[in-house]
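Just so we're aligned, residue 476 is where the sequence shown starts under the numbering used here, counting upward by one. First comes the structure, then the notes that go with it.
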Amino acid sequence: DDGLDYRVGIAEYSDVAYGWAMQDTTGLCKVLADPSGTILGANIIGAQAATLIQIFAVAMNFGIAADELARRPYWVHPALTEVV
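Following this line, the structure appears as structure tokens:
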């Protein structure tokens, strides 16, 4: 522990309609952000993880804050991108 202050957000695949329809009880998305909302990292476990993680790579590269990423884009319904 290096004393870094951060927040953790976790969403399970089963929290969104597509994950629920897949009956996925293990997939999840975990995001780490500092108090200002800067995304420090993300982990995704489950179906389409390799595709979904790219959303965070782009957000981190362009300085998109966690709250903006969660609220501004229009995440198509039903799709696993809603877990972001």
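We put the CB at the ideal spot given by N, CA and C, even for glycine. Because the structure is a prediction, the values reported are computed rather than measured.
The C-alpha of Gly478 is placed about 30 Å away from the C-alpha of Gly521. Proximity to Asn518 across Asp509, Asp499, Ile528, Ser511 peaks at Ile528, based on C-alpha coordinates. Residue state for Arg546 is assigned as helix, using DSSP reduced to three classes. In the DSSP assignment, Leu527 falls within the unbroken alpha helix (DSSP H) covering 524-537. Using a Cβ distance threshold of 7 Å, Tyr488 and Pro553 do not count as a contacting pair. In this structure, DSSP gives Gly484 an extended state, which the three-state scheme calls strand.
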